[in-house]
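*Asks:*
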Amino acid sequence: MVINFIEKLPKIAGIFAVAAFFCVLSSFAEAATGDEAMFRVNNTWMMVSTFLVFIMHLGFAALESGLTQSKNTVNILFKNVSILAIGLLTYTICGFNLMYPGEAWVFGKWFGFAGWGVSSPEGAAGLIAYADGNYTYWTDFLFQGMFAATAATVVSGAVAERIKLKSFLIFSVIFVGFVYPFLGSWKWGAGWLDEMGFYDFAGSTLVHSVGGWGALMGAILLGPRLGKYDKGRIKAIPGHSMPLATIGVFLLWLGWFGFNGGSVLSADPGPVSYVLVTTSLAAAAGVIGAMIMSEVIQKKPDLSMVLNGSLAGLVGITAGADTVSVLSAIIIGFIAGLLVVVAVIFIDTKLRIDDPVGALSVHLVCGIWGTLAVGLFSTNPEHSFVVQLIGVVAYGAVAATAAFVIFAVLKATIGIRVSQDEEKQGLDIGEHGMESYAGFQIFLNQ
Amino acid sequence: MVINFIEKLPKIAGIFAVAAFFCVLSSFAEAATGDEAMFRVNNTWMMVSTFLVFIMHLGFAALESGLTQSKNTVNILFKNVSILAIGLLTYTICGFNLMYPGEAWVFGKWFGFAGWGVSSPEGAAGLIAYADGNYTYWTDFLFQGMFAATAATVVSGAVAERIKLKSFLIFSVIFVGFVYPFLGSWKWGAGWLDEMGFYDFAGSTLVHSVGGWGALMGAILLGPRLGKYDKGRIKAIPGHSMPLATIGVFLLWLGWFGFNGGSVLSADPGPVSYVLVTTSLAAAAGVIGAMIMSEVIQKKPDLSMVLNGSLAGLVGITAGADTVSVLSAIIIGFIAGLLVVVAVIFIDTKLRIDDPVGALSVHLVCGIWGTLAVGLFSTNPEHSFVVQLIGVVAYGAVAATAAFVIFAVLKATIGIRVSQDEEKQGLDIGEHGMESYAGFQIFLNQ
Amino acid sequence: MVINFIEKLPKIAGIFAVAAFFCVLSSFAEAATGDEAMFRVNNTWMMVSTFLVFIMHLGFAALESGLTQSKNTVNILFKNVSILAIGLLTYTICGFNLMYPGEAWVFGKWFGFAGWGVSSPEGAAGLIAYADGNYTYWTDFLFQGMFAATAATVVSGAVAERIKLKSFLIFSVIFVGFVYPFLGSWKWGAGWLDEMGFYDFAGSTLVHSVGGWGALMGAILLGPRLGKYDKGRIKAIPGHSMPLATIGVFLLWLGWFGFNGGSVLSADPGPVSYVLVTTSLAAAAGVIGAMIMSEVIQKKPDLSMVLNGSLAGLVGITAGADTVSVLSAIIIGFIAGLLVVVAVIFIDTKLRIDDPVGALSVHLVCGIWGTLAVGLFSTNPEHSFVVQLIGVVAYGAVAATAAFVIFAVLKATIGIRVSQDEEKQGLDIGEHGMESYAGFQIFLNQ
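Residue numbers (my numbering), protein chains in the order written: chain A, -3 to 442; chain B, -3 to 442; chain C, -3 to 442.
#1: Roughly how many whole angstroms lie between the Cα atoms of C/F253 and C/V268?
#2: Taking 8 angstroms as the threshold (C-beta atoms), are C/L299 and C/V358 in contact?
#3: Could you spell out the range, first to last residue, of the beta strand (DSSP E) harbouring A/V102?
#4: Cβ closer than 8 angstroms: which chain B residues qualify as neighbours of A/I51?
#5: Please report the distance separating the alpha-carbon of C/E378 from that of C/G316.
#6: Does DSSP classify C/G108 as helix, strand or coil?
#7: From C/I425 to A/G429, what does the alpha carbon distance come to, in whole angstroms?
#8: What do you get for A/T146, buried or exposed, if any count of 16 or more other CB atoms within 10 angstroms of its CB means buried?
#9: Start and end of the alpha helix (DSSP H) containing B/Y176?
#10: Out of curiosity, what's the CA-to-CA distance linking A/Y176 and A/A110?
#11: Could you pull the DSSP bridge partners for A/Y433 from this structure?
#12: Quick one: which chain A residues come within Cβ less than 7 angstroms of C/W182?
#13: Could you tell me the boundaries of the alpha helix (DSSP H) in which C/L247 lies?
#14: Give the straight-line distance between the Cα atoms of C/A280 and C/T242, rounded to the nearest whole angstrom.
#15: Measuring straight from C-alpha to C-alpha, what distance separates A/M289 and C/V414?
#16: Comparing C-alpha positions only, which one of B/N71, B/L248 and B/G199 sits nearest to B/F164?
#17: Would you mind reading off the limits of the alpha helix (DSSP H) that contains A/D190?
#18: Could you pull out every residue in the same chain whose Cβ sits closer than 6 angstroms to the Cβ of C/G180, ignoring the five residues on either side in sequence?
#19: With A/G282 and A/G305 assumed to form a contact (beta carbons below 8 angstroms), what rounded beta-carbon distance in angstroms separates them?
#20: Is the beta carbon of C/L277 closer than 8 angstroms to that of C/G193?
#21: Starting from the C-beta of C/I349, find all residues in its chain whose C-beta is less than 8 angstroms away, skip the five residues before and the five after it, and write them out in chain order.
#22: Smallest Cα separation from C/I284: which of C/V273, C/T367 and C/V337?
#23: Do A/L248 and A/L59 have their CB atoms nearer than 8 angstroms?
#24: By Cβ distance, which residues of its chain are closer than 7 angstroms to B/V394, with the 5 residues on each side in sequence left out?
#25: Tell me B/R413's beta-bridge partners as DSSP assigns them.
#26: If we ignore side chains and look at the alpha-carbon of each, how far apart do B/K162 and B/A325 end up?
#27: In chain order, what residues of the same chain lie with their CB nearer than 6 angstroms to the CB of B/A120, ignoring the 5 residues before and after it?
#28: Alpha carbon to alpha carbon, how far is A/I410 from B/E291?
#29: For A/L63, which of A/V370, A/L385, A/V302 and A/V322 has the nearest alpha-carbon?
#30: To which residues of the same chain is C/K224 closer than 6 angstroms at the C-beta, ignoring the five residues directly before and after it?
#31: Return the CA-CA distance between B/I386 and A/Y270, expressed in angstroms with no decimal places.
#32: If C/G30 sits next to B/G333, beta carbons under 8 angstroms apart, how far is it from one beta carbon to the other, in whole angstroms?
#33: Please determine, among B/H53, B/V49, B/L73 and B/F50, the residue with the shortest C-alpha to C-alpha distance to B/E431.
#34: For C/I349, which of helix, strand or coil comes out of DSSP?
#35: Using the beta-carbon of each residue, which ones in chain A are nearer than 9 angstroms to C/Y131?
#36: Can a CB atom of chain C be found closer than 8 angstroms to the CB of A/D424?
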């Protein structure tokens, strides 16, 4: 029986073999679903992240308007809606292809451009997988497009309550359409800083500091709001709605889950979950840091400081969210929280630069801190403090110069500041002819 | 050696073959996970989309209350919370089975009904895959149920500040529970307009125009708010909170990612990502279109126009989001943005129909525009302008008639308008006995 | 020809067999993707759920500040931001390992502790799959960490407008860091109540009642707000912003999709979709229930009652969302809606416990109702009303005692109530030195 079986084995094997072969063929069809499912889940994750980054624009709009006076609220909301529209459209026209030139470098790895407009290699609804098969061309475009506008939004906060609408919109078109993506190509477009080993996971420098440098130039060239530093006295100009500011901060924190979580560029559970943990704990530690520092310096814990503390923690962890330990994330966030309170007070009382919402302290100061912190805390031995510093300086030099030139040219031509009368009356009436809270009895602070 | 191997090949092959066979068996078990993962990711995407459509109800509540007077805010919020509850419950009782009758057509492909209540074919927690295995019965029900209530919410805006609460709630029950799903069956339920080749991807007509026709009938039968068109003069009645209106618009835009993205009915990365790009760019172009037209006509850029511009772009792209080019999407959204400003002013000053929030201009005018635009811009040669027009007219005729009859019967019986005293004092006190902003000093506009 | 083929079959089979074998090898690589995709989609779902639970903290902040006076708004927002930070950090330090001791039980299945801090078994960015391979260690930590803070937030509402900031923060650290996770271990950590068969799907008892008992103790020990029950008369103290309260409720409902949907602990389409349906319908039925009861008792439908009605439905369905029929879910929600209106009025007028936002009625009363409802409506015959009752009593006894002890010790030491002057002036000025609505003319209600 056994011998008989062995003799017949070749024939039996034949049947097994043919059966196996066709099974394998059909199993390929099945197995393809595994790949297809991976593609779908990665793409879905990136789309969810895109929505979260989108909602940051509402977060910025709410925070900025909450921390300023009610007579300028319509203007701020208008700016923030416009920036998003401008950001998405300029990114479509040229930004995306400036930031990700692919092989189309023009000057070394410093400047590249892959052409005007956007189009998927596989046609409009093409199922082309991009970025190692993780998501589509269109996903990549939209996720990055949502990022783009945030850089200009940072500027918006620092120049609030006195900038001319038209000048700000022109600045935004240039800054978001050209400066941000050009600078972004140095690292995320695989340019020279990327080759040097500079690390900025989700944009402490590429997004937040770049925006922060623009904000600094704008605030300096505009000068302070009327009455802010009169006769040597520093006047506090409180925001008109703390609920609105708080809504803004919670939405920004929410959005950061996509900002950092999406920057993994796939739904890979290990890094995604880990990044969300470091992000959350840094934000929480930023709250506690700011609470303590505010209690120490201001004696009473200031809500706007604590709100900025959470953002400080978030900006701080953004550069290294995937590469520092949990304890390091807490330390980075906590220091950012301490730092933001000191910076807000220092910039206001010592430098006397008028930044109505604390954008410089949050995005510029903590953006730099977060980028350097990668050099101090990263678990990856290839990350170097010196290279991080080079990146910070290089980005600062070019972003600040570019923003200065744009604002200076605008100042010399159409002007960047509204009239004194308009500023006193509020930009809502002056620029838009409408009130933000019709029917409410409101005292103007000026 | 080689010869020996060839001779032994059959036996060696036998071992290989048997090994391969059992490997294949076990690989089938693995491959099943591929299918299961596809099911999970599709279902997860649809659930995320459901959440996004859900949040549109907060968007509508915020937009509508922000653009109206503070004395009617409680009333508006009450209506919007109620509509969602009514929509979900009536959809459970009969709406879902009216809209998707399956084989249970009663009169041709005009009217069908698959029975009362909802129940999964596989029992309460059954793992039945619905819609080509993409998601469960319950997912389908909940996603569509969230859509249902939006049609009545559109009406809410146009009849705000003067409609009796009870009458509006009765209208909503009938409109959401019967009219909307009955009309929906014509296309999404595979009815006669679907067979004719009418195309409405996510509801420019099925949701927005249908709601818009209801809004038109309500606004006409109610008449304008007191003082709105006194002695030939047109009085502007500004909204009481532009931050609230802006929060509303951002949340609506966010929700539209689920409204359009979920209408792909799977997480298929190609169409999903593409639809989100066209949706976003149309909204952005709508902002720019409305900004330009507002600047031209009104001289100062009006925030409420720009907010409505983004919604106009979103409503406009909804019918063809998956079937037009990126450039066409931008054009459709831009034209919608121009159109909405002209329509708001035309309806107010020429037609003198009082629509407090611009619902007619956004949902009816741009809903029609978007549906017709499919006939003009679609990349699918089967889409025909004439058929699109037939759909627009058919939906308009029945939706308007139905809404007229419901409102007219209510007007003739329990009345649809609050008393003049109540309107002057505000519906918050009149209908609900409470204030929206207790403690705040507010001037009534009337 | 045929004979020739049969003779050659062994050799041909050999080729087939070898081909099949290598195909199978490569197909294993493919098939692995199926498992990996499952892991990714489950983890992605859990992260989305985490975000939704996160946004509940904004929901609570908005609801609580909306339903209270504007002079205490900064204080409430400050508390709610702080609680989230405290919750996440204490959960990191000890909460997670108290709640999920694994094998590290110390006293029977009553108390366990798996050690200080958090660390993935596979290192910082380890790809370890947790919970039957559905998600990572970090996902588990973050999802549960977001839950933790909600228990203290419930307390916040009931003690609003009169509690000392410092005392509340100390209470929160202890309650969230120790009491909540210790109690949680009894059921979700696989402790004694879990072994007894107690069922609480997503936390009607473990989260909401536990918070509710803390709220009850706080409200009793603090006593009512000044003027609330003067000379036998009950004074209504209306909330200052109904839009804010409504935003809060919509965000809480949204968050509940993650609270309940994530409690499935995977993206399994059957239970996830079903749970979202029962959750939504219970919320909708709660709205209708509260609307009817408010109309009956109060004659005019009260918006805050209807808002609390939706939350009542949500709290009520939380214990049994996966185990009751659709009809039962509607009944549970509807009864919760009726119940919450009666409870709010009873607690205010009969018990004279001052609960500014109705937290006791929503979270304690409906949390108990929902837990007992599992015993009445569950489709699982193993669920027993008696065991549910034992769970309710056990949690109540320990949570109430713990909260009482903490508050009593604080009261005897640093005090828990602000001074009468501070309460009259508002806690915003008293505790934080700032206004919530700078520039607005507001009448203090006291």
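Backbone N, C-alpha and C define an ideal beta-carbon position, used for all residues, glycine too.
*Replies:* If we stick to the structure as given:
#1: Indexing the third sequence from 1 puts residue 253 of chain C at position 257. Indexing the third sequence from 1 puts residue 268 of chain C at position 272. Answer to the nearest angstrom: the Cα atoms are 9 angstroms apart.
#2: Position 362 of the third sequence, counted from the start, is the residue given in the question as residue 358 of chain C. Position 303 of the third sequence, counted from the start, is the residue given in the question as residue 299 of chain C. No. Outside cutoff.
#3: Here residue 102 of chain A refers to the residue found at position 106 of the first sequence. In the DSSP assignment, A/V102 falls within the unbroken beta strand (DSSP E) covering W101 to F103.
#4: Numbered from its first residue, the first sequence carries residue 51 of chain A at position 55. The contacting residues are F246 and L250.
#5: Position 382 of the third sequence, counted from the start, is the residue given in the question as residue 378 of chain C. Position 320 of the third sequence, counted from the start, is the residue given in the question as residue 316 of chain C. Taking the CA atoms as reference points, C/E378 sits about 13 angstroms from C/G316.
#6: Locating residue 108 of chain C in the third sequence gives position 112, where the first residue counts as 1. Correct three-state label for C/G108: strand.
#7: Position 429 of the third sequence, counted from the first residue, corresponds to residue 425 of chain C. Position 433 of the first sequence, counted from the first residue, corresponds to residue 429 of chain A. The alpha-carbon atoms of C/I425 and A/G429 are separated by roughly 34 angstroms.
#8: For this step, residue 146 of chain A is matched to residue 150 along the first sequence. Looking at its Cβ environment, which holds 16 or more other Cβ atoms inside 10 Å, A/T146 is buried.
#9: In the second sequence, residue 176 of chain B corresponds to position 180, counting from 1. Segment Y176 to S181, the alpha helix (DSSP H) holding B/Y176.
#10: In the first sequence, the residue the question calls residue 176 of chain A occupies position 180. In the first sequence, the residue the question calls residue 110 of chain A occupies position 114. A straight-line Cα-Cα distance of about 16 angstroms links A/Y176 and A/A110.
#11: By one-based count along the first sequence, residue 433 of chain A stands at place 437. DSSP output for A/Y433 lists no bridge partner at all.
#12: As a working mapping, residue 182 of chain C is identified with position 186 in the third sequence. Within chain A, not a single residue places a beta-carbon under 7 angstroms from that of C/W182; the smallest gap is close to 26 angstroms.
#13: The count along the third sequence starts at 1 and reaches residue 247 of chain C at position 251. Taken as a continuous stretch (DSSP letters only), the alpha helix (DSSP H) holding C/L247 covers M238 to G257.
#14: Position 284 of the third sequence, counting from 1, holds the residue named residue 280 of chain C. Position 246 of the third sequence, counting from 1, holds the residue named residue 242 of chain C. Pairing C/A280 with C/T242, the inter-Cα distance amounts to about 15 angstroms.
#15: In the first sequence, counting from the first residue as 1, residue 289 of chain A sits at position 293. In the third sequence, counting from the first residue as 1, residue 414 of chain C sits at position 418. Distance between A/M289 and C/V414, taken at the CA atoms: about 23 angstroms.
#16: Along the second sequence, one-based indexing puts residue 164 of chain B at 168. Looking only at B/N71, B/L248 and B/G199, the smallest Cα-Cα distance to B/F164 is reached by B/N71.
#17: Residue mapping note: residue 190 of chain A aligns to position 194 of the first sequence, counting from 1. Following the DSSP letters along the chain, one finds A/D190 inside the alpha helix (DSSP H) bounded by residues W188 to M192.
#18: The sequence position of residue 180 of chain C within the third sequence is 184, counting from 1. Excluding residues within five positions, the ones whose Cβ falls inside 6 angstroms are M95 and L202.
#19: As a working mapping, residue 282 of chain A is identified with position 286 in the first sequence. As a working mapping, residue 305 of chain A is identified with position 309 in the first sequence. Their Cβ separation, rounded to whole angstroms, is 4 angstroms, which keeps A/G282 and A/G305 in contact under 8 angstroms.
#20: Sequence index remark: in the third sequence, residue 193 of chain C carries index 197 (1-based). Sequence index remark: in the third sequence, residue 277 of chain C carries index 281 (1-based). In this structure, C/L277 does not lie closer than 8 angstroms to C/G193 by Cβ.
#21: Walking along the third sequence from the start, residue 349 of chain C turns up at place 353. So the list reads L212, A215, I216, P220, I343 and L356, once near-sequence residues are dropped.
#22: Position 288 of the third sequence, counting from 1, holds the residue named residue 284 of chain C. Of C/V273, C/T367 and C/V337, the residue nearest in Cα terms is C/V337.
#23: Taking the first residue of the first sequence as 1, we reach residue 248 of chain A at position 252. Taking the first residue of the first sequence as 1, we reach residue 59 of chain A at position 63. Yes. Within cutoff.
#24: Here residue 394 of chain B is taken as the residue at index 398 of the second sequence, counted from 1. The residues are L179.
#25: Taking the second sequence and counting its residues from 1, the one referred to as residue 413 of chain B is at position 417. Per DSSP, the beta-bridge partners of B/R413 are B/I159.
#26: For the purposes of this step, residue 162 of chain B is taken as residue 166 along the second sequence, with counting starting at 1. For the purposes of this step, residue 325 of chain B is taken as residue 329 along the second sequence, with counting starting at 1. Using only the alpha carbons, I get a separation of about 41 angstroms.
#27: Taking the first residue of the second sequence as 1, we reach residue 120 of chain B at position 124. Summary for B/A120: the model assigns pLDDT 38, below 50, so the residue's position carries little reliability; its value from the coordinates is reported in the next sentence. Annotation for B/A120: no residue places its beta carbon closer than 6 angstroms to its own, counting only its chain and skipping 5 residues before and after.
#28: Along the first sequence, read from residue 1 onward, the residue named residue 410 of chain A stands at position 414. Along the second sequence, read from residue 1 onward, the residue named residue 291 of chain B stands at position 295. When rounded, the distance between both Cα atoms is 17 angstroms.
#29: By 1-based counting over the first sequence, the position of residue 63 of chain A is 67. When only C-alpha atoms are compared, the closest one is A/V302.
#30: Locating residue 224 of chain C in the third sequence gives position 228, where the first residue counts as 1. Closer than 6 angstroms at the Cβ level, and outside the excluded window around C/K224, lie K231 and D350.
#31: Within the second sequence, numbered from 1, the residue matching residue 386 of chain B stands at position 390. Within the first sequence, numbered from 1, the residue matching residue 270 of chain A stands at position 274. Distance between the alpha carbons of B/I386 and A/Y270 is about 54 angstroms.
#32: The sequence position of residue 30 of chain C within the third sequence is 34, counting from 1. The sequence position of residue 333 of chain B within the second sequence is 337, counting from 1. Incorrect: roughly 46 angstroms between the Cβ atoms, too far for contact.
#33: Counting from 1 along the second sequence, the entry for residue 431 of chain B is found at position 435. With respect to the C-alpha of B/E431, the residue from B/H53, B/V49, B/L73 and B/F50 having the closest C-alpha is B/L73.
#34: Taking the third sequence and counting its residues from 1, one reaches residue 349 of chain C at position 353. Three-state result, C/I349: coil.
#35: If you number the third sequence from 1, residue 131 of chain C lands on position 135. Correct list: P265 and S269.
#36: The residue labelled residue 424 of chain A in the question sits at position 428 within the first sequence. Not closer than 8 angstroms to any Cβ of chain C, the Cβ of A/D424 fails to qualify, so no.
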